[in-house]
Structure formats: C-alpha cells, structure tokens
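The next block holds one structure in the form of structure tokens; read it before the comments.
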Amino acid sequence: MDSFWVFTLFTASGFSDFLQASAQEKKFMMLPYPPVNLCRFCDIELTDCTDSGVCVVNCSINSFCEKKEEVCVSIWRKQDTNVTIETLCHHRDIRLYGHLLDDYNNTECKMKEKKVPGSLFYMCSCSSEDECNRRLIFNDDFGPEWDRQVILEVVLVTLVPLLIVATVVILAFYWYRVQRRRKLNKEWTKDQKVRKPGRRRRPPNERSEGSAMHLDDDQSDISSTCANNINHNTELLPLELDTVVGKGRFAEVYKAKLRQSTSEQFETVAAKIFHFDEYISWKNEKEIFSDVNLKHENVLQFLTAEERETEMGKQYWLITAYHPQGNLQDYLTGHVVNWEDMCLLGGSLARGIAHLHSEYTPCGRPKIPIAHRDLKSSNILVKNDLTCCLCDFGLSLRLESSLSVDDLANSGQVSVKSSNIWIDNQ
1 MDSFWVFTLF
11 TASGFSDFLQ
21 ASAQEKKFMM
31 LPYPPVNLCR
41 FCDIELTDCT
51 DSGVCVVNCS
61 INSFCEKKEE
71 VCVSIWRKQD
81 TNVTIETLCH
91 HRDIRLYGHL
101 LDDYNNTECK
111 MKEKKVPGSL
121 FYMCSCSSED
131 ECNRRLIFND
141 DFGPEWDRQV
151 ILEVVLVTLV
161 PLLIVATVVI
171 LAFYWYRVQR
181 RRKLNKEWTK
191 DQKVRKPGRR
201 RRPPNERSEG
211 SAMHLDDDQS
221 DISSTCANNI
231 NHNTELLPLE
241 LDTVVGKGRF
251 AEVYKAKLRQ
261 STSEQFETVA
271 AKIFHFDEYI
281 SWKNEKEIFS
291 DVNLKHENVL
301 QFLTAEERET
311 EMGKQYWLIT
321 AYHPQGNLQD
331 YLTGHVVNWE
341 DMCLLGGSLA
351 RGIAHLHSEY
361 TPCGRPKIPI
371 AHRDLKSSNI
381 LVKNDLTCCL
391 CDFGLSLRLE
401 SSLSVDDLAN
411 SGQVSVKSSN
421 IWIDNQ
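Numbering (the UniProt record's numbering), first residue to last: 1 to 426.
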C-alpha cells in the first residue's frame, strides 16, 4: 500500500473516518492510491435525448473509478427507433467498442460520432471534473446551456441601459421640439391677433408703447409707387435715437423717434448712421434712394438724407421706415414658417427684385434698372404683413446706358478713396 495513503488511513482521525464509512467508501479508502474521477455509472438505459444540442443523462448512480488511469465515458446509441445511453469508467488506453478515447483530457463530455455498424453511435470521454459525463454536448457551437444563459444576461445587462438612455434622450429632444413649436405658435398666434384678415396688414391706427407709430410704407397702395416721399427740407428732422438694431460694414442702424412738432406723439423710424470716413457708401446709397422711380411696396421706404455735426465729428444719416420684425435672417431663425407665409415672403421678395431690375415703373414710366449686388437674408426686411422689402443699397449700381465695359468691370468692389479726393469734389 502506498505509504502516504497508509499513513492517512491509520492516523487517529483517518481510522475514525474509516469506521464510520459505508462499505463502498471503505472499498475506495483501501485502494493503493486516492480515487481520481467521480463518474456517472449506469448500465444501458433508454433515453429521450436527441443527437443535437445538450442533453443531461437520467442516470442517478455515481462511482469513483477504481484505477487512476480510468476516465468517465458516455455513449449515445440509436438503433432503429431505440435510443440508449451508457455511462461508465474506462481505461483511457484501452479501446472501447473498437475506438480509442482520444478526448479524455476534456473537462466536458463533447460527443463525437463514431463508425459502428448498424447504428448511429456517439461517444465522449472526460476527466478532472466530478460527473463530467453527466452532460452530453452534441454540438459544441452551442456551448453549455448555462453559458448561453450567461451570454444572454450579459447582452441584456449591456443593451438595456443603453436602450433606456437612448429612449430618454429621444423623448427629451421630442419634448423640447414640441415645447419650442408650441411657444413659437403662441407667439405667431399672438402676432396674428394684431393683423387684419386677408393680407394680414397692420392696422393703420395701431400704436406701440409710448404712443409711438411705426412708419410703415405697406399702408399705401400700389398707385403710391408713382409718388416721391423724399424730404427736401434743409432743416434736420427732430430725431431721438433709441437703440441699435443693426450693424453693417459701413454703418449702424438705430431705432429712432421722430417727434411731432405740435404734440407728444412720435413716429418710430430707422436711422442709418455712416461715420465720416464712409461718405462714399452713404453718397452711393443716397443716390440710389433719390431715384423717384425706386419707390415700391417691396423696397424700403426712404424719408431723407442728412449731414449732421456731432461730438464725434461729422456723420451722414439716412432716415427710412422702421420694421420691428427685423431682417429675414433673424425672422427665420426665431419663427416656424408655414406654406402660406413662405409664399408671401418669397413672392414679395421676387416682386421687389423684379422692380429693381425692371426698365419701367408699375405706372409704366421708364426707369433705370438697378443691380443690388449685395442681396442676402440680412439685407431683406420683414414687414408686419409678412411681406419683404429690400434694403442696404450701399453697393448697388444703376445700370445706365452710358456705362462702359470698364465701368462695369471696376464696379465689383467697394470704392476706396482718400478723404481729400471726395472733400475736393463736394
């Protein structure tokens, strides 16, 4: 008997365990080596296991292999309609049913098909794990059942939080869009209440805070385009600047109050102020506005041009109508435009551009076509009836018949002259 095993057996505690052990346990305790493999060990039994997936044998008997060279073996056999399973211990180097056990080092019983005449035959062997021949794995691609369950749990634990976060983000974005649309619709509805039905023009007698009236040229009809509203008085208008509503390359635009001489009432106008060194831009825009045939419901209404002395030096002013809706770029940024409004904005813009390019006024009088040359959404104003009007003619060009090719070629950039040149020309 192996000295280590004998020593273990005949120590006080080992002998006590031996006396309390069952007959089968005593048999294995008397072996010349410690038992290695515990296997399921049953005779041939009928089973309902199929040759796919994973199957657990019905055998309820287990046994330690008598020799350390023995390993656990399971055999699945189908002959005609009978399906049987056999579990046993077998020497790893001795053939079983004519086949060597070439997979006994596995810790799982992975079934392999063997050639046996007259039947479908699968066999597996394993070791180092107790009752490793209890679970028969016919298809290794599927893996153990609990492995698939673990994979499923990992996938669920990973994906479910991501799906929850994605759902929350989508719902939050949807809620933001709905709330923003409702807010814009409320503002649009509120704005609609101050307009008349039909073309939705601003009532002529409607006034803003402080008894101010917006000087808005959309209150006139098309026949007024044949008139000229330019103020030829030499006296400066009684203007009181309010706030800056826009800044450009050449000037700043202020909201201003045009005081009435006999009352506290005032009209709200826009004052575009050019500084001393931007005289050329002011002069060019003034000349464009001074064309009596320019007036049109979709062109900014011009009142007058002034030269003013201030503490900061000489300034050049253009006084025009004031449109509180601002330019088209800002309006589209802050409003949701429906189809009707889009047609109104686009149609009025097209009419304004067509008037600039036309050789005739709506009254039929000949006029000189004008090229704006700086047309963009920030140079288009939105009126209270949601029609557009063109503004900022600082780079515009009158297409007179006397212009030469050189004049047209050199007119594509902003003119730059030293101050002494245009001072001498005044």
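A virtual CB, placed ideally from N, CA and C, is assigned to each residue, including glycine.
- With 16 or more neighbouring CB atoms inside 10 Å of its own CB, serine 127 falls in the buried class.
- Per the coordinates, the alpha-carbon of alanine 354 lies some 19 Å from the alpha-carbon of phenylalanine 302.
- Cα atoms of leucine 332 and arginine 181: separation of roughly 13 Å, rounded to the nearest angstrom.
- Looking at Asn139, Thr107, Gln315 and Asn338, the one whose alpha-carbon comes closest to that of aspartate 130 is Thr107.
- Annotated three-state conformation of cysteine 363 is coil, per DSSP.
- If only complete runs of 4 or more residues are kept, the region 282 to 358 shows the alpha helix (DSSP H) at 328 to 334 and 339 to 357, in order along the chain.
- In this model, asparagine 293 and isoleucine 273 are separated by some 24 Å (Cα to Cα).
- At a Cβ-Cβ threshold of 7 Å, cysteine 65 and asparagine 105 do not count as neighbours.
- Using a Cβ distance threshold of 7 Å, isoleucine 288 and serine 396 count as a contacting pair.
- C-alpha of glutamate 69 to C-alpha of tyrosine 122: approximately 22 Å in a straight line.
- Between cysteine 72 and cysteine 39, the C-beta spacing is below 7 Å.
- Leucine 120: member of the beta strand (DSSP E) spanning 119 to 126, first to last residue.
- Boundaries of the beta strand (DSSP E) harbouring lysine 78: 70 to 79, taken from the DSSP string.
- Taking C-beta atoms as the reference points, leucine 300 and cysteine 391 count as a pair closer than 7 Å.
- Residue pairing by DSSP places cysteine 49 opposite no residue, since no beta bridge is assigned to it.
- Lysine 376 counts as exposed, since fewer than 16 other beta carbons sit within 10 angstroms of its beta carbon.
- For valine 83, the secondary structure class from DSSP, reduced to helix, strand or coil, is strand.
- Classified as buried, glutamate 285 has 16 or more neighbouring CB atoms from the shown chains inside 10 Å of its CB.
- By alpha-carbon distance to arginine 134, the top candidate from Lys247, Asn58 and Asn327 is Asn58.
- Cysteine 42 is a Cβ neighbour of threonine 87, given a cutoff of 7 Å.
- Comparing C-alpha distances from aspartate 80 to each of Arg373, Lys257, Leu120 and Tyr97 shows the shortest one belongs to Leu120.
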